[in-house]
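In full-length UniProt numbering, the protein residues as written are 1 to 280. For every residue, glycine included, the Cβ atom is placed at its ideal position computed from N, Cα and C. All remarks here apply to the structure that follows.
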């Protein structure tokens, strides 16, 4: 009996050794390491978003050095990332927060979603600053305004997945210009256009109003993936508006519209950031 037991134990030990070798050679240990390793973006974060030339990078630069005018900027092709001490009004109690100025020409929706959901994670999202150029030329440009509306429409469906949502500052830039559109009119126009997308999403089964995902893979799963995304968006927006019209007040996260100038006066936007830090 002892010989049989020894034989069985020998076979079992050999099997364990073979399994361990296979596991290592196929990258199993590397896979575990990858899963447990945190992204370099895994910090408490404020995102600065908006269309090209809306003032994102000017605000980003000024937050880092409030005593100097931000340099002239060109459209970013890569995210700008900095650690900034907040609250700005009281450096003595300041704590470092990650601020990311994300490019305005968003082509790949999945890459942006991965940044929020996997790299930063929703629990680390302290707030979103969405810059809007308030000049009448920009607001009355249907193509540009449609891009803003579609982006916010999709972004809310991501940020509202966390309890109480994520707070938004719609930073209405260039309100010092003579041709700027009043803040309350921009808010009303955004609500009306987002509401149109929501009603289209709910009432047109099998279609989606979201941003085109130019980065999706070609293959048999494409149609199924788009269908699942459409159903997910439809279910989300139905839970928000029901049979009524969309307003920003119906979102879990607070949405504040505040005017200012990224080149001249960002004091009210600074106050908004400080409030998110002092009263999370």
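Closer than 6 Å by C-beta to residue i: which residues in its own chain qualify, once you throw out the five before and the five after it? Chain order, please.
i: residue 240; result: 250
i: residue 153; result: 194, 197
i: residue 151; result: none
i: residue 162; result: 122
Output the boundary residues of the alpha helix (DSSP H) element that contains residue i.
i: residue 57; result: 56-64
i: residue 187; result: 183-203
i: residue 273; result: 267-278
i: residue 139; result: 136-139
i: residue 248; result: Careful: residue 248 lies outside any alpha helix (DSSP H) and carries neither H nor E.
i: residue 111; result: 109-114
Residue i: which of the options sits nearest, CA to CA?
i: residue 116; options: 90, 48, 181; result: 48
i: residue 39; options: 183, 100, 118; result: 118
i: residue 160; options: 232, 183, 187; result: 232
i: residue 254; options: 50, 168, 192; result: 168
i: residue 62; options: 270, 280, 277; result: 270
i: residue 180; options: 55, 148, 135, 153; result: 135
i: residue 57; options: 162, 114, 171; result: 171
i: residue 182; options: 257, 200, 252; result: 257
i: residue 122; options: 141, 185, 155; result: 155
i: residue 252; options: 166, 199, 200, 81; result: 166
At the level of alpha carbons, what is the spacing between residue i and residue j?
i: residue 83; j: residue 128; result: 15 Å
i: residue 158; j: residue 237; result: 11 Å
i: residue 267; j: residue 197; result: 34 Å
i: residue 291; j: residue 132; result: With the chain running from 1 to 280 in the structure shown, residue 291 is simply not present.
i: residue 36; j: residue 60; result: Its pLDDT being 45, under 50, residue 36 is placed unreliably in this model, and the value from its coordinates should be taken loosely. Approximately 31 Å between the Cα atoms of the pair.
i: residue 275; j: residue 88; result: 10 Å
i: residue 120; j: residue 113; result: 10 Å
i: residue 246; j: residue 147; result: 18 Å
i: residue 184; j: residue 109; result: 29 Å
i: residue 277; j: residue 141; result: 35 Å
i: residue 53; j: residue 204; result: 34 Å
i: residue 178; j: residue 65; result: 28 Å
i: residue 81; j: residue 259; result: 24 Å
Over what stretch of residues does the beta strand (DSSP E) that includes residue i continue unbroken?
i: residue 159; result: Where residue 159 is concerned, there is no enclosing beta strand (DSSP E), although the alpha helix (DSSP H) it sits in stretches over 142-159.
i: residue 46; result: 45-50
i: residue 95; result: 95-101
i: residue 178; result: Taken as a continuous stretch (DSSP letters only), residue 178 belongs to no beta strand (DSSP E), as it is neither H nor E.
i: residue 168; result: 168-173
i: residue 256; result: 255-259
i: residue 285; result: Here the chain has residues from 1 to 280 only, and residue 285 is not among them.
i: residue 127; result: 125-133
So that I know if they touch, is there some Cβ in chain B lying closer than 9 Å to that of residue i?
i: residue 178; result: Note that chain B does not occur in the displayed structure, where there is just one protein chain.
Between residue i and the rest of its own chain, which residues show a CB-CB distance below 7 Å, the 5 nearest in sequence each way excluded?
i: residue 79; result: 100, 101, 102, 103
i: residue 46; result: 97, 99, 126, 127, 129, 273
i: residue 176; result: 261, 264
i: residue 91; result: 85
i: residue 279; result: none
i: residue 244; result: none
i: residue 50; result: 56, 104, 130, 131, 132
i: residue 42; result: 119, 120, 121, 124
i: residue 191; result: 246, 247, 248
i: residue 365; result: In the structure displayed, the chain extends from 1 to 280; residue 365 sits before or after that span and is not available.
Roughly how far, in whole angstroms, is the beta-carbon of residue i from the beta-carbon of residue j, given that I think they are within contact range, below 8 Å?
i: residue 164; j: residue 44; result: Going by Cβ atoms, the distance from residue 164 to residue 44 rounds to 16 Å, so no, they are not a contact pair.
i: residue 234; j: residue 202; result: 6 Å
i: residue 173; j: residue 55; result: 4 Å
Who are the Cβ neighbours of residue i in its own chain at under 8 Å, not counting the five residues just before and after it?
i: residue 145; result: 138, 139, 189, 193
i: residue 187; result: 170, 248, 257
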